[in-house]
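First residue of the sequence shown? That's 33 in the numbering used here, and the numbers climb one at a time after it.
Okay, structure first, notes after.
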Amino acid sequence: MRILIVEDEMLSRRMLERDLKKLGYETDAAADGLAAWQLIEQRPYQIVVSDWEMPGMNGVELVKRIREMKSDDYVYVILLTSRSAKLDLIEGMEAGADDFVTKPFELDELRVRLRAGQRLLELEHSMARQKRELEEWKTRVKEDLSAAAAIQQAFLPTTLPDLPGLRFAWRYQPCDELGGDTLGIVQLDETHIGFYVLDVCGHGVRAALLSVALSRNLSAGGGSVLRQPADNALGYRIVPPAEVASILNDRFAWNEQAGQFFTMFYGIVNLRTRELQYVIAGHPKPIYIASGSEPRLLEGNGFPIGPVPAAEFEEYRMQLGPGDRILIYSDGLNEVFGVNGRQLGTGGLMRLWTACHEMPLDAAVSRLLDDVESWRGGLPTHDDLSLIGLDVGVIA
């Protein structure tokens, strides 16, 4: 360790240099504060031992300048002084001095105080290293989370299918960088379109990992549970919604260690007959507005997927007609709290959705989220928001 000695008396300066070298330190020396500052600008010093009273720039002024400089490394300063008044010591401490040695002093006293400063610097360096390592770790985690979020976003719909007499709109707003909600709109074949909204219990990385795994299972690609080879090995069959729920319930059975489950709405629309068949697995009931009718909740209920082994899921069917509109959503919408401390609730969400009924679907979805945000009144959200809107039109 190299120490800078600042002492205007030449004999005292040389004695300090000799004594500190005996203690195993490397030294540089300056005859006043200004010369010391020039040395400090040229190279870093971990410890400065400076006399208080010096011509030009004294010890206190030197300490102030050291504390004002921008440096990642701390400089430990010991002032040598014949002063002992409390006000003088306070002045030195306020300037930034770390310790004092009263003249005349024994070498052992200076040795002990230097050792104390060395221990403090070692602790400072250790903390700085840990801080750098923590920042590096945080950067890596942030990069990993961003990559995971990009993977999760890749499973969301990009371009919506051009369907005769059927229109979709969707929104997805995770409360964190990674969400537990996900949704999908999947063209199963020329006459069938599937769509789902699901909500994994919890948030963060664990929920997002399960969400991504589910998105893969519910995609149109290989390994999908939505379409499977036909029994005669020719062609394929579209798996009914209740069977999809059962398959997922087996694949993602409850695990005590993971402690995860999810809720889901999954529906299939036959584009020729306009029949909707669907399953509700512990998920909020969609809001259905038939043409010229009051809004109501779709019939159906069932277990969440995962917790109950061999659970049976009921499938429902209904006929859709021109002018019908359906909202499928996660509980992040209806369970949001307002500034008044009240929950919006399913009834409140139904009123907001009904108020948007005359608007085009995409605009209605945007307006609904704006109204939910207004209800929240700027309060932070603690759950993901996801929804799919479905409009039924007239087939040309």
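Just so it is clear, CB atoms sit at the ideal spot from N, CA and C, and this is done for glycine as well.
**OP:** Hey, could you find the ends of the alpha helix (DSSP H) glutamine 162 is sitting in?
**Re:** 139-186
**OP:** Using a threshold of 8 Å, state whether the C-beta atoms of leucine 400 and arginine 199 are closer than that.
**Re:** no
Original post:
Does the Cβ-Cβ distance between alanine 313 and alanine 285 come in under 8 Å?
Top reply: no
Subject >> Continuous beta strand (DSSP E) stretch holding threonine 59: start and end >> reply: 58-62
Original post:
Hey, is glutamate 58's beta-carbon within less than 8 Å of any beta-carbon in chain E?
Top reply: Included in the structure is just one protein chain, with no chain E present.
Subject >> Separation of alanine 239 from valine 173, as counted between CA atoms >> reply: 16 Å
Original post:
Alpha carbon to alpha carbon, how far is phenylalanine 132 from arginine 115?
Top reply: 10 Å
**OP:** With a 10 Å radius around its C-beta and 16 neighbouring C-beta atoms as the bar for buried, classify aspartate 83 as buried or exposed.
**Re:** buried
Subject >> Three-way DSSP call (helix, strand, coil) for glutamine 70 in this model >> reply: helix
Original post:
Do you know offhand how far glutamate 39's Cα is from glutamate 175's?
Top reply: 52 Å
Subject >> CB of valine 257 within 8 Å of CB of asparagine 249, strictly >> reply: yes
Original post:
Can you tell me the Cα-Cα spacing of isoleucine 279 and arginine 259, whole angstroms?
Top reply: 12 Å
Subject >> Buried versus exposed call for proline 87 [16 or more other C-beta atoms within 10 Å across all chains shown] >> reply: exposed
Subject >> tyrosine 228 classed as buried or exposed, judged by whether at least 16 other C-beta atoms fall within 10 angstroms >> reply: buried
Subject >> Beta-bridge partners of valine 80, as assigned by DSSP >> reply: Leu36 and Val109
Original post:
According to DSSP, what are the bridge partners of asparagine 366?
Top reply: Answer by DSSP bridge pairing: none, since asparagine 366 is not bridged.
Original post:
Looking at C-alpha atoms only, which residue of Trp385, Leu365 and Ala387 is the closest neighbour of glycine 377?
Top reply: Leu365
**OP:** Sort Glu347, Met296 and Ile321 by Cα distance to leucine 384 and report the nearest one.
**Re:** Ile321
Original post:
What three-state label does DSSP hand glycine 332 in the structure shown?
Top reply: coil
Subject >> glutamate 73 versus valine 81: straight-line alpha-carbon distance, rounded >> reply: 16 Å
Original post:
Hey, quick one: how far does the beta strand (DSSP E) through glutamate 307 stretch, first residue to last?
Top reply: 307-313
Subject >> Short Cβ contact (8 Å threshold) for alanine 29 with valine 311 >> reply: Residue numbering for the chain in the displayed model covers 33 to 428; residue 29 lies beyond these limits and cannot be assessed.
Subject >> Alpha-carbon spacing of alanine 182 relative to glycine 65, whole angstroms >> reply: 57 Å
Subject >> Collapsed DSSP secondary structure at proline 273 in the structure displayed >> reply: helix
**OP:** Check the C-beta distance from leucine 210 over to leucine 246 and give it rounded, since I have them as a contact under 8 Å.
**Re:** About 14 Å separates the two Cβ atoms, so there is no contact after all.
Original post:
To the nearest whole angstrom, what separates the beta carbons of glycine 373 and tryptophan 407, a pair I think is in contact under 8 Å?
Top reply: Their Cβ separation, rounded to whole angstroms, is 12 Å, which puts glycine 373 and tryptophan 407 out of contact at 8 Å.
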